[in-house]
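Residue numbers (our numbering): 55 to 278.
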C-alpha cells in the first residue's frame, strides 16, 4: 500500500476559526498531504486549572465545533483521541498513538514557528521529533535568524526533520471572537457560519469571564 502523508493540526480551538483552517490548507497544499487531522486538545497540562476557573468549553463541545468547521473539505478530518484520553495531554503521547493508528504513513506535525523555539522543553521531545516531520508555520513577523539557529540545533541534538510552512498572518484570534460574542458583536467572516449557529444554540461565550492566556490565540498547536 502506498505510504500516505498525514498532517496534524492540534489546538484548544476555543473556538476554531478561519486562521486555523487556512493553516491546515496551507500545510496540505505546500507538502502534498493526503489528509489533515484536526485534534482538539483534551486536558492540557498547562491549562487544566485555567479550564476549571475560566469556563473553557468541554472537549466534546470543541470537537463538535471542529467537525462543523471542516465538513466541506474532503481532505480534512478530526480526531477525538485527546479528548477521550484521561489525564493531561502531551504531544508525544498523541503522536505515539497516531503512529500506531497509521503504521507506515508519514506524520507531519504543524506548530507555530514561535513554539519551535522552545520545543526541546516539551515532554519527551525526542519522541516528538522521531515520530513526525515538524512543519513550522512562519509569518511576516517571524524572527528568521533565531528560527534558523534553533532549527539547526534541533537537527543536531534530536536528528529532527523540520520544514518551514509559509503562512500569511491573519488578524483573527480566538480571544477576539470570544469577546465579540460576549458583547453581541458580529463574528461573520471570522469563522464558519455553522459554528456561529452552534455557539448560539449552546449559549457559549455569552457570560463575561476573565481572559485566558494568549497561548491559544493565533494558531496554538497542542500542549507541551
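For each residue, glycine too, the CB sits at the ideal point set by N, CA and C. For clarity, every value in this text was computed on a predicted model and none was experimentally measured.
- Taken in chain order, the whole alpha helix (DSSP H) runs of length 4 or more contained in the region 210 to 246 are 228 to 236.
- When Cβ pairs closer than 8 Å are counted between the two stretches, the region 116 to 123 is seen not to touch the region 153 to 161, the count staying below three.
- For residue 136, the number of other beta carbons within 10 angstroms of its own is at least 16, and it is reported as buried.
- With fewer than 16 other CB atoms across the displayed protein chains lying within 10 angstroms of its CB, residue 112 is exposed.
- The C-alpha of residue 140 is placed about 30 Å away from the C-alpha of residue 246.
- Here residue 189 carries a strand assignment [DSSP, helix/strand/coil].
- In the structure shown, residue 145 falls within a helical segment according to DSSP collapsed to helix, strand and coil.
- Put simply, of 201, 196, 165, 147 the residue whose alpha carbon is nearest the alpha carbon of residue 62 is 165.
- Between the region 76 to 83 and the region 247 to 260, the count of C-beta pairs closer than 8 Å stays below three; the two stretches do not touch.
- Between the region 196 to 207 and the region 87 to 95 there are fewer than three C-beta pairs closer than 8 Å, too few to call the two in contact.
- Within 10 angstroms of the beta-carbon of residue 225 lie fewer than 16 other beta-carbons, which makes it exposed.
- Here residue 69 carries a coil assignment [DSSP, helix/strand/coil].
- Counting along the chain, residue 161 sits inside no alpha helix (DSSP H); it lies in the beta strand (DSSP E) bounded by residues 160 to 166.
- For residue 231 against residue 74, the beta-carbon gap comes to about 11 Å, at or over 8 Å, which does not count as contact.
- Burial is judged here by how many other beta carbons sit within 10 angstroms of a residue's own beta carbon; residue 96 has at least 16 and is buried.
- Proximity to residue 211 across 181, 219, 64, 242 peaks at 181, based on C-alpha coordinates.
- Here residue 242 is exposed, its C-beta having fewer than 16 other C-beta atoms within 10 Å.
- Looking at 220, 251, 66, 57, the one whose alpha-carbon comes closest to that of residue 235 is 251.
- In the structure shown, the three-state DSSP call for residue 60 is strand.
- Approximately 6 Å separates the beta-carbon atoms of residue 161 and residue 60; this is inside 8 Å, confirming the contact.
- Beta-bridge pairing by DSSP links residue 94 to 65.
- Excluding five sequence positions before and after residue 171, the CB atoms of its chain that fall closer than 8 Å to its own CB belong to 200, 201, 204, given in chain order.
- In the three-state scheme derived from DSSP, where H, G and I count as helix and E and B as strand, residue 130 is classed as strand.
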